[in-house]
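Heads up: the sequence shown begins at 1 in the UniProt record's numbering, then just goes up one per residue.
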Amino acid sequence: MRWCYSYACVWRRGISARIACAAVRRKRLLDSVILFFGCCMLVAHATAAQNVLRVLAWPGYADADVVKDFESRFHAKVEVTLVDSDEALWDKMHQGTQPQFDVLAANTAEIQRYAHDNLLAPLDLASLPNTKRQLPRFRALSSIGGLTKHGTVYAIPFTYSTMGLIYDRKQVSVAPHSMNELWNPRYRGKVLDYNSAQHNFSFTALALGYPNPFQLNNTQIQTITRKLIDLRRNLLTYYNLPEEAAAFFVQHKVALMFGNYGTQQLELLRRAGADVGYVIPDEGVLAWLDCWSMTSAAANRPLALAWINYMLEPEVSGLLTQRQGLANTLTEPAEGTGKSHILWIEPVENIQTRESLWSRIVSGDRPERF
């Protein structure tokens with residue numbers, strides 16, 4: 001009897017042990033399944049993160065349908081951040097210890113600044129076959145200041161425009177010939193100016209006849225400052241975005257405007273029904289050439305290069321001209337600039353000095369305090 005009882009106990013303990021072992025195996029299997037799916041999710045998340053392209057650009061450069069087509073073609077997600085001034089672009093690029101973007105569009109003067117600060121990555125032209133579609137003058141990269149450094153390419157031309165005068169034909173019967181018309185007392189309260197330290201000092205230097213508007217001495221800076229203070233008498237306001245300028249122009253019946261965005265603003269105004277003209281002043285005109293660059297912090301460089309190459313496809317570059325009225329680098333513009341004196345913008349003598357003075361001018365600081 002004792003033996004049977006002992007045997008039964010041993011038998012029951014064996015069953016319990018086997019049940020316990022089976023439970024342990026099931027738990028391990030469940031843990032493995034959970035771990036497997038967890039790893040899959042992490043891999044998927046990491047892959048998705050690698051396929052996110054962060055773009056820093058100007059309005060009209062990365063429209064929603066253009067972005068959607070790129071995302072579909074390259075199975076990626078594109079995050080677009082827009083800026084309205086070179087100063088805003090600079091601030092965005094300097095948030096954090098490294099750039100928070102993969103590609104950016106900037107003019108040649110800004111490109112030089114970013115390259116100098118080692119914020120840009122070299123571009124492999126073999127990965128940009130659409131550059132062969134560009135007009136010869138835009139393929140000659142070494143001849144365009146700021147695009148190369150020690151023989152290495154850091155930017156690809158994308159679009160450009162002069163920065164001339166836009167005027168209302170009903171209020172200005174004779175096309176103006178000089179930027180000095182912005183100071184004409186007859187246009188009191190009917191002038192729009194772009195909110196930018198660099199460009200305002202430069203175009204005023206041209207109006208004053210200074211030979212190099214990008215490298216000014218202290219005396220010239222003081223003279224320009226006083227002239228920009230005088231301009232406040234004629235101003236309706238300052239603008240940042242082209243759409244904002246067009247709205248001001250139409251709503252408040254503006255007579256003259258410094259067209260920082262050039263032909264892009266002209267196109268917007270004409271679509272809004274405004275009867276406007278566009279002139280390049282006799283003393284010369286500033287002009288910008290915006291380029292695409294890849295940042296040194298680009299997480300997925302092949303994807304960044306694919307974006308730059310995509311921007312040079314005829315359909316995409318063509319949309320820039322059709323929608324924005326801006327010239328592209330693949331085809332000759334419909335309206336040439338003739339023999340006009342065009343100055344591509346360059347780095348200036350002291351950005352901090354210009355911006356400090358401009359901030360005081362815009363804020364309405366009294367003339368006697370300068």
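Heads up, the beta-carbon is just placed ideally off N, CA and C, and yes, glycines get one too.
Since the structure is predicted, the reported quantities are computational estimates derived from the model, not experimental observations.
- DSSP places Y61 in the coil class of the three-state scheme, outside both helix and strand.
- Apart from sequence neighbours up to five positions away, the residues of its chain that approach Y61 with a beta-carbon distance below 6 Å are A105, ordered along the chain.
- Non-local beta-carbon contacts of Q98 in its own chain, meaning distances under 6 Å to residues more than five positions away in sequence, involve A297 in chain order.
- Each residue's CA atom was taken as its position, placing V172 and I280 some 15 Å apart.
- In terms of Cα proximity to A306, the closest of S85, A140, P129, Q100 is P129.
- By the neighbour-count criterion, in which 16 or more other beta carbons inside 10 Å mark a residue as buried, T295 falls on the buried side.
- Counting of Cβ neighbours within 10 angstroms places G273 among the exposed residues, the total staying below 16.
- Contact between L319 and V66 holds, since their C-beta atoms are separated by about 7 Å, short of 8 Å.
- The C-beta distance from A115 to K149 rounds to 5 Å, short enough to meet the 8 Å contact threshold.
- In terms of CA proximity to V348, A197 leads the group V153, N328, A197.
- Taken in chain order, the complete alpha helix (DSSP H) segments of 4 or more residues contained in the region 147-220 are 197-207.
- With fewer than 16 other CB atoms across the displayed protein chains lying within 10 angstroms of its CB, F370 is exposed.
- Distance between E283 and T152, taken at the CA atoms: about 35 Å.
- As for any alpha helix (DSSP H) of minimum length 4 sitting wholly inside the region 242-277, the runs are 242-251, 263-271, ordered along the chain.
- In the assembly as shown, V174 is an exposed residue. Its beta-carbon has fewer than 16 other beta-carbons within 10 Å.
- Taken through DSSP and simplified to helix, strand or coil, T329 comes out as coil.
- Taking the Cα of A245 as reference, the smallest distance to any Cα among R233, N260, R232 is reached at N260.
- The beta carbon of L269 is closer than 8 Å to those of I166, A246, F249, V250, V276 in its chain, skipping five residues each way along the sequence.
- Between the region 187-205 and the region 235-242 there are three or more C-beta pairs closer than 8 Å, enough to call the two in contact.
- In the same chain as P122, and ignoring 5 residues on each side of it, the C-beta atoms closer than 7 Å to its own belong to T152, V153, Y154, in chain order.
- Per the C-alpha coordinates, the member of M93, D365, D69, Y187 positioned closest to A57 is M93.
- Cα atoms of A76 and S293: separation of roughly 19 Å, rounded to the nearest angstrom.
- With distances taken between CA atoms, Q264 lies nearest to P333 out of N300, P211, P333.
- In the structure shown, A88 falls within a helical segment according to DSSP collapsed to helix, strand and coil.
- Between S127 and N309 the beta-carbon gap is near 7 Å, inside 8 Å, which marks them as a contact.
- Annotation: the continuous beta strand (DSSP E) that includes S293 extends over 285-295.
- Taking each of S317, L326, A287 in turn and checking the Cα distance to L266, the smallest one comes out for L326.
- Burial check for T329: the Cβ neighbour count within 10 Å reaches 16 or more, so the residue is buried.
- By a beta-carbon distance limit of 8 Å, F214 contacts E346. Their separation comes to about 4 Å.
- P211 sits exposed, since fewer than 16 C-beta atoms from the chains shown fall within 10 Å of its C-beta.
- Contact check for W288 against D230 fails: the beta carbons are separated by 8 Å or more.
- In the three-state reduction of the DSSP assignment, N107 falls in the strand class, which pools E and B.
- At a Cβ-Cβ threshold of 8 Å, L53 and L303 count as neighbours.
- Membership of I351 in any beta strand (DSSP E) is not indicated; the residue belongs instead to the alpha helix (DSSP H) covering 351-363.
- Per DSSP, reduced to three states, the secondary structure at I308 is helical.
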